[in-house]
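Student: Note that the sequence shown covers residues 1 to 496 in full-length UniProt numbering. Using N, Cα and C, we set each Cβ at its ideal position, and we do this for glycine too. Just so you know, these numbers come straight off a predicted model, no measurement behind them. Have a look at the structure that comes next, please.
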Amino acid sequence: MHAKSLTELRALITSKECSAVEMAQHYLKRIDAANALNAFIQVDPELTLAQAKSADERIAKGDTGALVGLPIAHKDVFVTRGWRSTAGSKMLEGYVSPFDATVVERFARAGMVTLGKTNMDEFAMGSSNENSAFGAVKNPWDTAAVPGGSSGGSAAAVAARLAPAATATDTGGSIRQPASFSGVTGIKPTYGRVSRYGMIAFASSLDQGGPMAQSAADCAALLNAMAGFDERDSTSLTRDDEDYTRYLGKTWSADGSDAKPLAGLRIGLPKEYFGAGLADDVRAAVDAALKQYEALGATLVPVTLPKTELSIPVYYVIAPAEASSNLSRFDGVRFGHRAAQYRDLLDMYKKSRAEGFGHEVKRRILVGTYVLSHGYYDAYYLQAQKIRRIIAQDFEEAFKSCDVIMGPVAPSVAWDIGAKGDDPLQMYLADVYTLSISLAGLPGMSVPCGFGAGANAKRPVGLQIVGNYFNEARMLQVADAFQRATDWHKQSPAGV
């Protein structure tokens, strides 16, 4: 059962071969058996089975929704009524939200069943899922490796088939990079497509929710339920609802006159994504994927994104600045961790935040406070925002000659747990191919396209696909065509 796609699982329920309760029980047993991966922060069978029973009642009354009764796991950055909502931090270790995030609410309305809350880097700050207050997550393909971050718990859960789908968030690559490292499919929509209401904030101008699943087709079905305008989110975009599955299985050309499914598709290849620093085994896997696209009828077009190298310093000025502001609310007064002993109010603030936040969160708060301070705002933060606009203009220019942009998600496959813990700069450099897309607010996704070589032969490689603004349906079509011609997305770790 757990090897099946969402569509196949729904068919089991429709044919009455399996009930929602039985399906939930199957996945709960798998989660319990895979406890060593540390992919979940909280599992509550009583809550899960109550939702599954409700889904079965809906089905019995004739509800034929595409997602009714199907299980899903939620990244612990989405507040969820009845479950702990910790953002992977000691600061919120015992916090139980009185309301659901819009994303959680939408999936509940669609009839999906929550399996649990997945582990993550604290407040979504990290690229390896080693920064969680609840311990590091292990990569199911190779337990010595990281699963990527910050959505590493969600990626590991889908990769190990502990859940057929999971929610995730992407601030600078935190859907695409763990999807690549863990061999699953993940999509970051255009900024503003998915409501941030109830998503515990890291960097408000960058945070964006999205789904992870085995395939692009599954992600399209999830995005149908997940996306949409929300008046409670000031950054939510007012656009008509659309069906993100509408192009799946169709030819790129409108008339379908060419035998090749992607004839006429122009794929932009930024030279900046294929230069020094890209590991040979990642390059080989991506090159093979691009050859497959050529076989499907696509044309490869050289493009340039000259400000790519500036995305790292720009991101690590803007994101920490916004984090410094957003995390100021965690002061031990209204909710969250409070120090047991303190002399006065100021001492309570200091001790509560010192005890509640981890090292990486403290590091980014300090950087953010510095760049926002008097005398440095113009020199750092304002300059970073100006360059951010130029980065977006680079993409606007590139899309004049291509329909989608492709390249690697990360310069290497997943590294060993602990390998970069003492060198945060090396960790930051691992996001060089994802940050600029987030800064521009563009949609992007990762699809499995192969594995590393030698000692890394068990570690997956992801192909990054970047679409123009609001072009998710076409981007998913391009990914789906590749997955219809290959089986990388169907492969699973040994023993799964």
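Mapping the DSSP letters down to three states, classify residue 99 as helix, strand or coil.
Tutor: On the sequence shown, position 99 is the one that residue 99 refers to. Three-state DSSP puts residue 99 in coil, outside helix and strand.
Student: Using 7 angstroms as the threshold, is the C-beta distance between residue 157 and residue 118 below it?
Tutor: Translated into positions along the sequence shown, residue 157 becomes position 157. Translated into positions along the sequence shown, residue 118 becomes position 118. In this structure, residue 118 lies closer than 7 angstroms to residue 157 by Cβ.
Student: Who does residue 209 pair with in a DSSP beta bridge?
Tutor: Your numbering for residue 209 matches position 209 in the sequence shown. DSSP output for residue 209 lists 169 as bridge partner(s).
Student: Residue range of the beta strand (DSSP E) that residue 190 falls in?
Tutor: As a first step, residue 190 must be located in the sequence shown, where it is residue number 190. Element bounds for residue 190: n/a, residue is neither H nor E.
Student: Name the residue from 74, 481, 27 and 402 whose alpha carbon lies nearest to the alpha carbon of residue 304.
Tutor: The residue you call residue 304 lines up with position 304 of the sequence shown. It is 402 whose Cα lies nearest to the Cα of residue 304.
Student: To the nearest angstrom, how far is the alpha carbon of residue 139 from that of residue 34?
Tutor: If you number the sequence shown from 1, residue 139 lands on position 139. If you number the sequence shown from 1, residue 34 lands on position 34. Going from the Cα of residue 139 to the Cα of residue 34 covers about 12 angstroms.
Student: Quick check for students: name the residue ranges of the beta strand (DSSP E) that lie wholly in the region 398-461, counting only runs of 3 or more.
Tutor: Runs found: 404-408 and 444-451.
Student: Which residue from 109, 77, 162 and 114 puts its Cα closest to that of residue 132?
Tutor: Position 132 of the sequence shown holds residue 132. Nearest option by C-alpha distance: 77.
Student: Using the beta-carbon count (16 or more within 10 Å), is residue 75 buried or exposed?
Tutor: Here residue 75 refers to the residue found at position 75 of the sequence shown. By the 10 Å Cβ count, residue 75 comes out buried.
Student: How is residue 26 classed by DSSP in three states: helix, strand or coil?
Tutor: Taking the sequence shown and counting its residues from 1, one reaches residue 26 at position 26. Residue state, collapsed to three classes: helix.
Student: How is the alpha helix (DSSP H) around residue 176 delimited, first residue to last?
Tutor: Translated into the one-based positions of the sequence shown, residue 176 becomes position 176. That run of the alpha helix (DSSP H) goes 176-182.
Student: Taking the C-alpha atoms as reference points, what is the distance between residue 302 and residue 268?
Tutor: The residue labelled residue 302 in the question sits at position 302 within the sequence shown. The residue labelled residue 268 in the question sits at position 268 within the sequence shown. Computed Cα separation, rounded: 6 angstroms.
Student: Does the region 89-108 come into contact with the region 26-40, if we say contact requires no fewer than three beta-carbon pairs (one atom in each stretch) closer than 8 angstroms?
Tutor: No, because fewer than three Cβ pairs between the region 89-108 and the region 26-40 fall closer than 8 angstroms, the two stretches do not touch.
Student: With DSSP run on the structure shown, which of helix, strand or coil describes residue 92?
Tutor: Sequence index remark: in the sequence shown, residue 92 carries index 92 (1-based). Three-state DSSP puts residue 92 in a helix.
Student: Hey, could you find the ends of the beta strand (DSSP E) residue 40 is sitting in?
Tutor: What you label residue 40 is simply residue 40 of the sequence shown in a count that begins at 1. Per DSSP, residue 40 belongs to the beta strand (DSSP E) from 40-42.
Student: What did DSSP end up calling residue 72 once you bin it into helix, strand or coil?
Tutor: Locating residue 72 in the sequence shown gives position 72, counting from the first residue. In this structure, residue 72 counts as strand in the three-state DSSP scheme.
Student: When the Cα atoms are used, what is the spatial distance from residue 247 to residue 40?
Tutor: Residue numbering aside, residue 247 sits at position 247 when the sequence shown is read from its first letter. Residue numbering aside, residue 40 sits at position 40 when the sequence shown is read from its first letter. Roughly 34 angstroms separates the two Cα atoms.
Student: How close, in whole Å, do the beta carbons of residue 415 and residue 449 come, if the pair is a contact with beta carbons under 8 angstroms?
Tutor: On the sequence shown, position 415 is the one that residue 415 refers to. On the sequence shown, position 449 is the one that residue 449 refers to. About 19 angstroms separates the two Cβ atoms, so there is no contact after all.
Student: Alpha helix (DSSP H) containing residue 320: first to last residue?
Tutor: On the sequence shown, residue 320 is found 320 positions in, with the first residue counted as 1. Element bounds for residue 320: 311-326.
Student: I'd like to check one pair, residue 152 with residue 178: are the Cβ atoms closer than 7 angstroms?
Tutor: The sequence position of residue 178 within the sequence shown is 178, counting from 1. The sequence position of residue 152 within the sequence shown is 152, counting from 1. Contact: yes.
Student: If you draw a straight line from the alpha carbon of residue 58 to that of residue 185, how long is it in whole angstroms?
Tutor: In the sequence shown, residue 58 corresponds to position 58, counting from 1. In the sequence shown, residue 185 corresponds to position 185, counting from 1. Straight-line Cα distance between these residues: approximately 29 angstroms.
Student: Grab the span of the beta strand (DSSP E) containing residue 117 for me, first residue to last.
Tutor: Position 117 of the sequence shown, counted from the start, is the residue given in the question as residue 117. Looking at the DSSP string, the run of the beta strand (DSSP E) that includes residue 117 is 113-118.
Student: Tell me the rounded alpha-carbon separation between residue 148 and residue 437.
Tutor: The sequence position of residue 148 within the sequence shown is 148, counting from 1. The sequence position of residue 437 within the sequence shown is 437, counting from 1. Near 18 angstroms, if we compare the C-alpha coordinates of residue 437 and residue 148.
Student: Quick one: using the 10 Å Cβ neighbour count with 16 as the cut-off for buried, is residue 320 buried or exposed?
Tutor: Numbered from its first residue, the sequence shown carries residue 320 at position 320. It is buried - the Cβ of residue 320 has at least 16 other Cβ atoms within 10 Å.
Student: Taking residue 478 as the reference, give the member of 490, 491 and 464 with the closest Cα.
Tutor: Taking the sequence shown and counting its residues from 1, one reaches residue 478 at position 478. Cα-wise, what sits closest to residue 478 is 464.
Student: Skipping 5 residues on each side, what residues in its chain have a beta carbon closer than 7 angstroms to that of residue 497?
Tutor: Because the chain spans 1 through 496 in this model, residue 497 falls outside it and cannot be assessed.
Student: Taking only the alpha-carbon atoms, compute the straight-line gap between residue 326 and residue 203 and give it to the nearest angstrom.
Tutor: Start at 1 with the first residue of the sequence shown, and residue 326 comes out as number 326. Start at 1 with the first residue of the sequence shown, and residue 203 comes out as number 203. Rounded to whole angstroms, residue 326 to residue 203 spans 7 angstroms at the Cα level.
Student: Return helix, strand or coil for residue 270, following the three-state DSSP convention.
Tutor: On the sequence shown, position 270 is the one that residue 270 refers to. In this structure, residue 270 counts as strand in the three-state DSSP scheme.
Student: Just mark residue 422 as buried or exposed, buried being the case when its beta carbon has 16 or more other beta carbons within 10 Å.
Tutor: Within the sequence shown, the letter at position 422 stands for residue 422. Burial call: exposed.
Student: Work out the CA separation of residue 155 and residue 263 for me, nearest whole Å.
Tutor: On the sequence shown, residue 263 is found 263 positions in, with the first residue counted as 1. On the sequence shown, residue 155 is found 155 positions in, with the first residue counted as 1. Roughly 32 angstroms separates the two Cα atoms.
Student: Since I believe residue 175 is in contact with residue 212 (beta carbons under 8 angstroms), could you give me their beta-carbon distance rounded to a whole number of angstroms?
Tutor: Looking up residue 212 in the sequence shown gives position 212. Looking up residue 175 in the sequence shown gives position 175. About 7 angstroms separates the two Cβ atoms, so the contact holds.
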